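> Heads up, the sequence shown is in the working numbering, so the first residue is 8 and it goes up one at a time. Beta carbons: idealized from backbone N, C-alpha and C, even for Gly. These numbers come from a predicted model, not from an experiment. Sending over a structure as structure tokens; questions will come in a sec.
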Amino acid sequence: MKLIMLGAPGAGKGTQASVLSEKYEVPHISTGDIFRANIKNGTDLGKKAKEYMDQGLLVPDELVVNLVVDRLQQEDAKKGYVLDGFPRTIPQAKALDAELEKQGAAIDYCVDVEVPDEVIVDRMSGRRVCPKCGEPYHHEFKIPKVDNVCDKDGETLILRKDDEPETVLKRLNVYHEQTQPLIDYYSSKGILVEVDGTKDVKGVTEQIVASLGEK
Ligand code: AP5
């Protein structure tokens, strides 16, 4: 299964990608998590990416595309993947198409998780993430088993720097301008699945799985 998760920042792409990657036994590839790991490790890529991420801007396409192309060529990605946060611009989508063509592969579905902006702003203020695996939690909607500790690896959860309210609004604007056109792009390819992301986490997963099953 080869999936793309599309949606505004905070729509629940990461949450659903984590569930779907376990269900379909394919890797969860999050460009945001890859950049945050690079920032944590102080790499050159991390330093460059941080400049953009902290401002709520997209990292330039040329820094993202090669990274994803390399990742898709790894052995574990042969059987499929859930792409979370990529592509985010039309040039990125075209670069992905070119790589897939080389591999003789194709994306099965692009899942668009739809959530209105006002719900997003509320959600982001309550989000905490695992600094090690990137798993997102929420103090109301996805509570960890032990207070402020990741269920998967026991790390203390943190607030992401780009989750400050002002930066969230900037990220939403960037999403509407640069990423939303991908809805039409994948719709015209006949692989778009749209789900109501305002349902609870389980409800959103059920809609996605039902839609993939029907296709
Ligand atoms: P990235 O990490 O991809 O951030 P994002 O797209 O802004 O998405 P988020 O991770 O903020 O949200 P999400 O949709 O995954 O929601 P989540 O599941 O966490 O990218 C960060 C930055 O990196 C970008 O701004 C950019 O600078 C750079 N970048 C990354 N990829 C790039 C690319 N391809 N090109 C250029 N730059 C790139 O859920 C949010 C919260 O809501 C959580 O607390 C969660 O528990 C809760 N929640 C989830 N689902 C529900 C639900 N159904 N009901 C209630 N609460 C819910």
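Suppose you measure from the CA of residue 22 to the CA of residue 96; what does that come to, to the nearest Å?
Answer to the nearest angstrom: the Cα atoms are 21 Å apart.
> Say the cut is 7 Å; is the CB of residue 218 nearer than that to a heavy atom of the ligand AP5?
No, since every heavy atom of the ligand AP5 falls outside the 7 Å radius drawn around the Cβ of residue 218.
> Residue 201 to residue 128, Cα distance in whole Å?
Cα to Cα, residue 201 sits roughly 21 Å from residue 128.
> Spell out the partners DSSP gives residue 90 in its beta bridges.
Residue 90 is bridged to 11, 36.
> Starting from the Cα of residue 46, find the closest Cα among 104, 183, 139, 72 and give me that residue.
Per the Cα distances, 139.
> For the putative contact between residue 112 and residue 9, defined by C-beta atoms under 8 Å, what is the C-beta separation to the nearest angstrom?
The pair is a contact, with the Cβ atoms about 7 Å apart (cut-off 8 Å).
> Looking at the ligand AP5, does it come within less than 7 Å of residue 156, judged from the CB to the closest heavy atom?
Incorrect: residue 156 has no Cβ contact closer than 7 Å to the ligand AP5.
> Based on the DSSP output, what are the partners of residue 143 in its beta bridges?
DSSP, once it has assigned bridges, lists 136 as partnering residue 143.
> Could you say if the region 159-166 and the region 187-196 meet the contact criterion of at least three C-beta pairs nearer than 8 Å?
The region 159-166 is not in contact with the region 187-196.
> Hey, residue 145 and residue 89: beta-carbon distance below 8 Å or not?
Taking 8 Å as the Cβ cut-off, residue 145 and residue 89 do not qualify as a contacting pair.
> Take residue 65 as the anchor and find which of 174, 104, 133 has the nearest alpha-carbon.
Answer by Cα proximity: 174.
> Looking at residue 99: is its Cβ nearer than 8 Å to the Cβ of residue 72?
Contact flag set, yes.
> Tell me whether residue 88 counts as near the ligand AP5, meaning its Cβ is closer than 7 Å to at least one heavy atom of that ligand.
For the ligand AP5, not one heavy atom lies less than 7 Å from the Cβ of residue 88.
> On a Cα-Cα basis, can you pick out the residue from 79, 57, 92 that is closest to residue 186?
For residue 186, the nearest C-alpha among the options comes from 92.
> Output the boundary residues of the alpha helix (DSSP H) element that contains residue 59.
Taken as a continuous stretch (DSSP letters only), the alpha helix (DSSP H) holding residue 59 covers 51-60.
> Kindly list the residues whose CB is nearer than 6 Å to the CB of residue 60, restricted to its own chain and excluding five residues on each side of it in sequence; keep chain order.
If we look at residue 60 and ignore the five residues flanking it on each side, its Cβ neighbours are 169.
> What residue does the alpha helix (DSSP H) around residue 26 start on, and which one ends it?
Segment 20-31, the alpha helix (DSSP H) holding residue 26.
> Does the separation of the CB atoms of residue 205 and residue 122 fall below 8 Å?
Their beta carbons are under 8 Å apart, which means residue 205 touches residue 122 by this criterion.
> How long is the line joining the alpha carbons of residue 171 and residue 177, rounded to whole angstroms?
Looking at the two C-alpha atoms, the distance is approximately 10 Å.
> So what does DSSP say about residue 114, is it helix, strand or coil?
Correct three-state label for residue 114: coil.
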